[in-house]
Amino acid sequence: MSIGRIPTVRLGTDGPEVSAQGFGCMGISFAYGPTDAEEARATLERAVELGVTHFDTADVYGREPGDNERFIAPFVRAHRDRVVLASKFSLVVDRETGERLIRNDRSHMRRCVEDSLRRLGVDALDVYYLHRRDVRRPIEETVGDMAELVQEGKVRHLGLSEVTADELRAAHAVHPIAALQSEWSLFSRDVERHVVGAAADLGVAFVAYSPLGRGFLTGSFTDASRELTAEDFRGGLPRFSGSNAERNAALLEDVRAVARAHDATPGQIALAWVHQRARRWNLNVVPIPGTRRRARVEENTAAVGIELSEAELASLEPIAGKVAGTRHADMSFTSAGRE
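Take the sequence shown: its letters are residues 1 to 339, numbered as in this note's numbering.
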């Protein structure tokens with residue numbers, strides 16, 4: 001497996017320079033079944049060794065609020081000069097009922113940022129995201145509140161997650177937005193309808209979460225509906241459930257065919273595809289795959305050097321339109337219904 005230097009891109013017009021492939025930290029300690037903590041920590045170290053600099057977490061990740069931030073904190077502090085750190089606020093989960101709520105109010109934001117800084121043991125967050133937008137409050141007001149954190153030095157740059165093109169433009173008019181984060185992969189391309197173009201026009205970088213379709217695009221599943229553990233939240237996602245899982249697994253044949261031509265894995269082809277969308281849209285794109293294993297982070301970073309031909313890209317083009325099931329059972333927590 002050839003692993004070369006990871007190129008860098010800038011978040012926004014005056015944001016930090018980061019590795020063109022980042023690291024999504026959620027799954028390293030949460031959501032995808034049991035974790036070997038020692039291997040997970042070694043995976044973070046290996047990512048830095050390979051040139052990954054952008055690490056993404058959120059206050060809601062974990063069995064308890066802040067667990068993921070606590071888990072990565074020693075790693076972040078040990079490599080603070082090399083880590084561009086992002087966290088998020090606004091999504092609140094009732095741990096007893098599982099009900100998800102969105103809070104964008106100023107008092108909640110200020111409490112959240114202080115809690116994140118304390119848990120992570122840092123003086124400032126490099127990027128602070130609005131994790132989800134409360135549509136009952138004008139986004140201009142929410143971003144205006146977030147801008148105070150920049151003025152106070154607690155946050156260096158602002159980001160938004162799962163917003164529409166119009167919401168992005170309105171927010172950017174209040175304060176520069178360095179990064180927009182939404183799901184983007186061979187399985188999920190709804191963002192290409194409007195918001196990707198808006199980000200390109202504004203000079204806002206796109207941070208693509210779940211670029212491997214939450215692991216489906218790695219080809220790891222024969223029957224995801226039966227292979228996931230009870231602790232794995234993907235078991236409740238429509239694309240991993242019942243007949244949808246079987247239909248989606250069949251879509252990987254075209255990905256495997258391209259992978260064989262490059263002596264690569266399906267996951268590497270999926271990541272290479274996201275990287276090449278950056279050039280298609282003249283946009284800085286940073287996919288943030290997550291993993292808990294060193295071997296997998298080596299595999300993921302090697303995808304940066306894979307170049308897909310026009311014919312190969314054409315063979316992959318129809319996949320998203322054939323995917324069975326929505327990204328989440330409750331799509332109200334995404335921007336899809338507001339575009």
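No residue lacks a Cβ here, since even glycine has one placed at the ideal position from N, Cα and C. Quick caveat: nothing in here was measured; it's all calculated off a predicted structure.
Alpha helix (DSSP H) segment containing residue i, residue limits
| i | result |
| --- | --- |
| T334 | Where T334 is concerned, there is no enclosing alpha helix (DSSP H), given that its DSSP letter is neither H nor E. |
| L149 | I139 to Q151 |
| I102 | Looking at the DSSP string, I102 is not in any alpha helix (DSSP H); the run it does join, the beta strand (DSSP E), is R100 to I102. |
| P266 | P266 to W281 |
| V285 | That residue, V285, is in no alpha helix (DSSP H); its beta strand (DSSP E) goes V285 to P287. |
| G27 | M26 to S29 |
Residue range of the beta strand (DSSP E) that includes residue i
| i | result |
| --- | --- |
| E183 | I177 to E183 |
| V18 | E17 to S19 |
| H328 | Segment: none, H328 is in no beta strand (DSSP E) and carries neither H nor E. |
| R10 | T8 to R10 |
Beta-ladder partner(s) of residue i, from DSSP
| i | result |
| --- | --- |
| G203 | G203 is not bridged to any residue. |
| G159 | Y129 and A179 |
| K88 | Y129 |
| D67 | Per DSSP, none; premise fails for D67. |
| H361 | Residue 361 lies beyond the stretch modelled for the chain, which goes from 1 to 339, so this question has no answer here. |
| F240 | Note: F240 sits in no beta bridge, so no partner. |
When the options are compared against residue i, the one with the closest alpha-carbon
| i | options | result |
| --- | --- | --- |
| S169 | S182, E38, E192 and I139 | Reading off the sequence shown, one finds Arg at residue 169, where the question assumed Ser. Residue I139 is the option with its Cα nearest to R169. |
| V150 | L125, R103, R133 and G236 | L125 |
| R239 | S220, T218, V255 and R214 | R214 |
| G325 | W281, S90, N244 and G337 | N244 |
| S161 | D145, L180 and V48 | L180 |
| A303 | R156, I288 and A311 | I288 |
| S332 | G22, V323, L308 and V135 | V135 |
| S87 | A329, R226, G98 and R70 | R70 |
| L237 | R80, H328 and R100 | H328 |
| H157 | R296, A147 and R226 | A147 |
Same chain only: Cβ atoms within 7 Å of residue i, ignoring 5 sequence neighbours per side
| i | result |
| --- | --- |
| D263 | none |
| G153 | A124 |
| N248 | F216, R239, V323 and A324 |
Expected contact under 8 Å - CB spacing of residue i and residue j to nearest Å
| i | j | result |
| --- | --- | --- |
| V18 | V84 | 5 Å |
| S90 | L120 | Contact doesn't hold; Cβ gap of about 17 Å is too wide. |
| A320 | F187 | 6 Å |
| R10 | N282 | So it is not a contact: roughly 14 Å between Cβ atoms. |
Chain-order list of residues whose beta-carbon lies under 8 Å from that of residue i (same chain, five-residue window excluded)
| i | result |
| --- | --- |
| E299 | M1, T265, G267 and Q268 |
| A261 | E312 |
| R80 | V122 |
6 Å Cβ shell around residue i - same chain, five flanking residues per side excluded
| i | result |
| --- | --- |
| R338 | T164 |
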